[in-house]
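4 protein chains.
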Amino acid sequence: METQKSVKAIDPGERIQSAALGLFIRKGITGTTTKEIAKKAGVSEGSIYNYFESKGDLAYKLFVRYMDEFRGELQEKASSVTGPAEKLSAAVRAFFGFAEKEPDAYAYIMIGHYTELRKMPDDKKKPRDIFVEIIGEGVREGVFRGMDENMGAAFVIGMITRAILFRTSGMLDTPYGELVEETASSSMRVLGFNNGQHPAGTAER
Amino acid sequence: METQKSVKAIDPGERIQSAALGLFIRKGITGTTTKEIAKKAGVSEGSIYNYFESKGDLAYKLFVRYMDEFRGELQEKASSVTGPAEKLSAAVRAFFGFAEKEPDAYAYIMIGHYTELRKMPDDKKKPRDIFVEIIGEGVREGVFRGMDENMGAAFVIGMITRAILFRTSGMLDTPYGELVEETASSSMRVLGFNNGQHPAGTAER
Amino acid sequence: METQKSVKAIDPGERIQSAALGLFIRKGITGTTTKEIAKKAGVSEGSIYNYFESKGDLAYKLFVRYMDEFRGELQEKASSVTGPAEKLSAAVRAFFGFAEKEPDAYAYIMIGHYTELRKMPDDKKKPRDIFVEIIGEGVREGVFRGMDENMGAAFVIGMITRAILFRTSGMLDTPYGELVEETASSSMRVLGFNNGQHPAGTAER
Amino acid sequence: METQKSVKAIDPGERIQSAALGLFIRKGITGTTTKEIAKKAGVSEGSIYNYFESKGDLAYKLFVRYMDEFRGELQEKASSVTGPAEKLSAAVRAFFGFAEKEPDAYAYIMIGHYTELRKMPDDKKKPRDIFVEIIGEGVREGVFRGMDENMGAAFVIGMITRAILFRTSGMLDTPYGELVEETASSSMRVLGFNNGQHPAGTAER
DNA sequence: AATGAATGAGAGTTCATTCAT
DNA sequence: AATGAATGAACTCTCATTCAT
Chain X
738 METQKSVKAI
748 DPGERIQSAA
758 LGLFIRKGIT
768 GTTTKEIAKK
778 AGVSEGSIYN
788 YFESKGDLAY
798 KLFVRYMDEF
808 RGELQEKASS
818 VTGPAEKLSA
828 AVRAFFGFAE
838 KEPDAYAYIM
848 IGHYTELRKM
858 PDDKKKPRDI
868 FVEIIGEGVR
878 EGVFRGMDEN
888 MGAAFVIGMI
898 TRAILFRTSG
908 MLDTPYGELV
918 EETASSSMRV
928 LGFNNGQHPA
938 GTAER
Chain E
738 METQKSVKAI
748 DPGERIQSAA
758 LGLFIRKGIT
768 GTTTKEIAKK
778 AGVSEGSIYN
788 YFESKGDLAY
798 KLFVRYMDEF
808 RGELQEKASS
818 VTGPAEKLSA
828 AVRAFFGFAE
838 KEPDAYAYIM
848 IGHYTELRKM
858 PDDKKKPRDI
868 FVEIIGEGVR
878 EGVFRGMDEN
888 MGAAFVIGMI
898 TRAILFRTSG
908 MLDTPYGELV
918 EETASSSMRV
928 LGFNNGQHPA
938 GTAER
Chain H
738 METQKSVKAI
748 DPGERIQSAA
758 LGLFIRKGIT
768 GTTTKEIAKK
778 AGVSEGSIYN
788 YFESKGDLAY
798 KLFVRYMDEF
808 RGELQEKASS
818 VTGPAEKLSA
828 AVRAFFGFAE
838 KEPDAYAYIM
848 IGHYTELRKM
858 PDDKKKPRDI
868 FVEIIGEGVR
878 EGVFRGMDEN
888 MGAAFVIGMI
898 TRAILFRTSG
908 MLDTPYGELV
918 EETASSSMRV
928 LGFNNGQHPA
938 GTAER
Chain D
738 METQKSVKAI
748 DPGERIQSAA
758 LGLFIRKGIT
768 GTTTKEIAKK
778 AGVSEGSIYN
788 YFESKGDLAY
798 KLFVRYMDEF
808 RGELQEKASS
818 VTGPAEKLSA
828 AVRAFFGFAE
838 KEPDAYAYIM
848 IGHYTELRKM
858 PDDKKKPRDI
868 FVEIIGEGVR
878 EGVFRGMDEN
888 MGAAFVIGMI
898 TRAILFRTSG
908 MLDTPYGELV
918 EETASSSMRV
928 LGFNNGQHPA
938 GTAER
């Protein structure tokens, strides 16, 4: 009963991260002040520094955290099925699923590629690696047409992210479920998926 | 013969824009100081304000300028051929062409979508509109499979931009020409291009 | 046998003072944080305030404590012999002795004259008073030449402190014992000590 | 006529240094805020940074400037006469002269030895070197008794600085001129100066 | 007595913008 | 048009001190 008194009682470090995430995606990292973060999180400005070394550290930790979470979900969903086509479909769905479930975290990850975060080194496995592996496997097994797996991953990820971007910014009003299915099947077309019946490259369905 | 006395003689406004572009893509807009711009452009800090209202105005004008230029090239190339498939191919090539010829401008446009510039309203025609129109036309003519033209544009643009991003960041070493061709043909696959022989949706080639 | 259980068992107030002394002389009072003191002393930051009113109070108490200790040693050594010359020699030796035995405390006292501590009023007897008294006595007894006792004290203390400073900072490599003797005899020269044979002040000039 | 409009017209960099010097010696470097310096100098806080890289840089530049000036005066005065005894006397007088003419600069130099400045590396010639050279020369020429020149310098400088300190802090009311003469002649006593009549070292002990 | 998270005033510093020249 | 010194608001970050536990 003492475990959780009120909403204010949850870990300040968590509240700071949550507040920062919302501000970062709306105003950018540099465009967000520590004063704003503190106010939104309901803590003092100085408190931020009890949990993070600097604003940059906070931004970076947030990035790594959500990248890991995102990659983890992709991995988990892809691992739960067998076969390159099934894995790819699962990964596409998980991608959309994450963007739908945690839109702020998703937006932050996307922004990260184009801002200060981009230069932050990371030798950890990234979401894209999941796609590269699945496609590589599919190509080797003859399920997908012969193509560079990195290029295939670029195509698939590109389609997904732009579809989400178009939808988020109101340029596309296709219902969510339909968009997911269309993106998944379009990915199959790009990869020359042949349903396993005969050599890749034919793809009639 | 008065057209170009020396490098210092060209329009200061031009030099300022050129300097700013390079700095903006490397350090971000907020991360770039007017002092740096002035120094790189070889003008005084105060001079910037004789040509632009503020740093934000400079950033915005740069964005609009290159967006226009980019869209213009896409338009021009697409208009020079006939038929949706040909137009689309031309647009895809022009997209890559612009990114190759003016990498800084291209990078700036891409970054713009995710930073301060994003909020800048624009009712002008954008690069994406070119794709939407071409695809819409192709769908109506039965050359492409039946699909939402905005979704199709999202897919195609997504493939192109990610392919360029992967290549630029060294994750993909496919030769330039080959990448262009692969992207163009993959776009056709996604759009269910049937070579004009029979109803879209079959796509064997 | 309860006197000293473990190093952690000794009085926290003592540990705090010891930690503070080391930090103060290396980084200055303002340059030392309470967090550092607490860490080095092995206590919590808050604990400091159970023993001292403030950081300034801690700095001041340290200063007074060592000033007293220093003056006490000078006094004690000087009192143990008779005659101005002997007393002065003893005081000079005690001065060097203190600097050698408790270099941190000595350094802190020296620094104190030039920093925040300087303004702290003190009507207590100070080390310099020992010298003033001895010299005044010597002058009145005709053992030293006629001179202002305060001036004489300034000269003697100046020689001692600079000699120690030069030695501590590596500018002087005279062995310790020799330096003490040289300083003591040089003090005698300055004070015109005539070995008691004939009236002081002989040194015609 | 335009050269000097008003007192406010003199170089802001100079006004900043002057204001900082006064504050630094009264409150210490860390104890002085940039806000105070700016206010006293009659400039904006930001202006300080048009002239100095940081508060530390300002403090350091001030230190070097006055050290150079001080050493220069000692050198100049010592060079204007011949013979070790005369040179030493001149140096002692110049030392007192500088402290009298520029008490703030003198105080700042003294404080510098005990604060942040102390760690600032300096391979330049320092005031003390003047004394070391003169004494070394005197010892070699037999004008002063045989002694380590560094030790001799420590004694002489110690006497001078303490005499000034005692006088400045009101512990000594000897008139200025007399104090200078007494310090000069006492220095001669310490160095065993024999008036040139017979070999140094005569002072049997 | 002991703790250490929380505080918030205030520090040094940056920088877009202005304006007298 | 061009300059660049001056500005001052706003920033990030520090740290002595407090206080609920």
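One line per chain: the protein sequences are X, E, H and D, in this order.
Heads up, the first sequence is in my numbering, so the first residue is 738 and it goes up one at a time.
Heads up, the second sequence is in my numbering, so the first residue is 738 and it goes up one at a time.
Heads up, the third sequence is in my numbering, so the first residue is 738 and it goes up one at a time.
Heads up, the fourth sequence is in my numbering, so the first residue is 738 and it goes up one at a time.
Even for Gly, the Cβ is constructed at its ideal location relative to N, Cα and C.
Query raised in the report: What does residue 771 (chain E) reach in chain X if we use C-beta pairs closer than 7 Å?
Result: Correct list: empty, because the minimum Cβ distance to chain X is about 15 Å.
Query raised in the report: Under three-state DSSP, which class holds residue 791 (chain D)?
Result: coil
Query raised in the report: Is the beta carbon of residue 893 (chain D) less than 8 Å from the beta carbon of residue 883 (chain D)?
Result: no
Report task. Since I believe residue 851 (chain D) is in contact with residue 847 (chain H) (beta carbons under 8 Å), could you give me their beta-carbon distance rounded to a whole number of angstroms? Result -> Contact holds; Cβ gap of about 7 Å.
Query raised in the report: Exposed or buried, which one is residue 845 (chain D) when buried takes at least 16 other CB atoms within 10 Å?
Result: buried
Query raised in the report: Name the chain D residues whose beta carbon is nearer than 7 Å to that of residue 848 (chain H)?
Result: 851
Query raised in the report: Who are the neighbours of residue 927 (chain X) on chain E, taking C-beta pairs under 9 Å?
Result: Near residue 927 (chain X) (Cβ distances below 9 Å), the residues of chain E are 892, 896, 923, 924, 926 and 927.
Query raised in the report: Can the beta-carbon of residue 881 (chain E) be found closer than 8 Å to that of residue 867 (chain E)?
Result: no
**Report entry** CB contact flag (residue 900 (chain E), residue 888 (chain X), <8 Å)
**Finding:** yes
Query - Where residue 931 (chain E) falls: helix, strand or coil (DSSP) - result: Here residue 931 (chain E) sits in coil by DSSP.
Query - Outcome for residue 897 (chain D) when other beta-carbon atoms lying within 10 angstroms are tallied against a minimum of 16 - result: buried
Query raised in the report: Under a Cβ-count criterion, where at least 16 other Cβ atoms within 10 Å of its own Cβ denotes burial, should residue 919 (chain D) be classed as buried or exposed?
Result: buried
**Report entry** Residues near residue 757 (chain X) in its chain [Cβ-Cβ closer than 6 Å; skip 5 each side]
**Finding:** 774 and 795
Report task. At 7 Å on the CB atoms, spell out the chain E contacts of residue 830 (chain X), in chain order. Result -> Going along chain E, no residue has its Cβ under 7 Å from residue 830 (chain X), so there is no contact; the nearest lies around 16 Å.
Query - Cutoff 8 Å: residue 931 (chain H) Cβ touching any chain D Cβ - result: no
Report task. Could you tell me which of H:803, H:860 and H:767 sits nearest to residue 754 (chain H), measuring between CA atoms? Result -> H:803
Query raised in the report: residue 877 (chain D) lies in the alpha helix (DSSP H); which residues open and close that run?
Result: 864-877
**Report entry** Residues near residue 750 (chain D) by beta carbon distance below 7 Å, same chain, minus five either side
**Finding:** 788
Query raised in the report: Between which two residues does the alpha helix (DSSP H) carrying residue 845 (chain X) extend?
Result: 840-849 is the extent of the alpha helix (DSSP H) around residue 845 (chain X).
Query raised in the report: From the beta carbon of residue 839 (chain X), is the nearest beta carbon of chain E less than 8 Å away?
Result: No, its Cβ sits nowhere closer than 8 Å to a Cβ of chain E.
Query raised in the report: So residue 895 (chain H) packs on residue 914 (chain D), CB below 8 Å; how close in whole Å?
Result: Between residue 914 (chain D) and residue 895 (chain H) the Cβ distance is about 19 Å, and since that is not below 8 Å, they are no contact.
Query raised in the report: I think residue 790 (chain E) touches residue 768 (chain X), with their Cβ atoms under 8 Å apart; what is that distance to the nearest whole Å?
Result: About 19 Å; that fails the 8 Å criterion.
**Report entry** Interface partners of residue 914 (chain D) on chain H, CB under 7 Å
**Finding:** Simply none; closest approach about 13 Å.
**Report entry** Cβ of residue 768 (chain X) within 8 Å of any chain E Cβ
**Finding:** yes
Query raised in the report: Below 8 Å between beta carbons: does that hold for residue 821 (chain H) and residue 782 (chain H)?
Result: no
Query raised in the report: Between the beta-carbon of residue 798 (chain E) and the beta-carbon of residue 771 (chain E), is there less than 8 Å?
Result: no
Requested in this report: For residue 903 (chain D), decide whether its Cβ has a neighbour in chain H, counting only Cβ atoms nearer than 8 Å.
Outcome: yes
Requested in this report: Within the segment 792-837 of chain X, note down every full alpha helix (DSSP H) run reaching 4 residues or more, in order along the chain.
Outcome: If we require 4 residues or more, the alpha helix (DSSP H) runs fully inside the segment 792-837 of chain X come out as 792-816.
Report task. Would you kindly check if the distance between the Cβ of residue 836 (chain X) and the Cβ of residue 828 (chain X) is under 8 Å? Result -> no
Requested in this report: Measuring alpha carbon to alpha carbon, tell me which of X:824, X:849, X:832 and X:818 ends up nearest residue 870 (chain X).
Outcome: Comparing Cα-Cα distances from residue 870 (chain X) to each of X:824, X:849, X:832 and X:818, the minimum goes to X:824.
Query raised in the report: When the distance is taken between beta carbons, is residue 800 (chain H) closer than 8 Å to residue 759 (chain H)?
Result: No, Cβ-Cβ distance for residue 759 (chain H) and residue 800 (chain H) is not below 8 Å.
Query raised in the report: Quick one: Cα of residue 818 (chain E) to Cα of residue 879 (chain E), how far?
Result: The straight-line gap from Cα to Cα measures roughly 18 Å.
Query raised in the report: Is the shortest distance between the beta-carbon of residue 811 (chain D) and the beta-carbons of chain H less than 8 Å?
Result: No, residue 811 (chain D) does not count as interfacial toward chain H.
Query raised in the report: From what residue to what residue does the alpha helix (DSSP H) around residue 761 (chain H) run?
Result: 749-764
Requested in this report: Measure from the C-beta of residue 900 (chain E) to each C-beta in chain X and report whether the shortest distance is under 8 Å.
Outcome: yes
Query raised in the report: Under the rule that 16 or more other beta-carbon atoms within 10 Å means buried, what is residue 813 (chain E), buried or exposed?
Result: It is exposed - the Cβ of residue 813 (chain E) has fewer than 16 other Cβ atoms within 10 Å.
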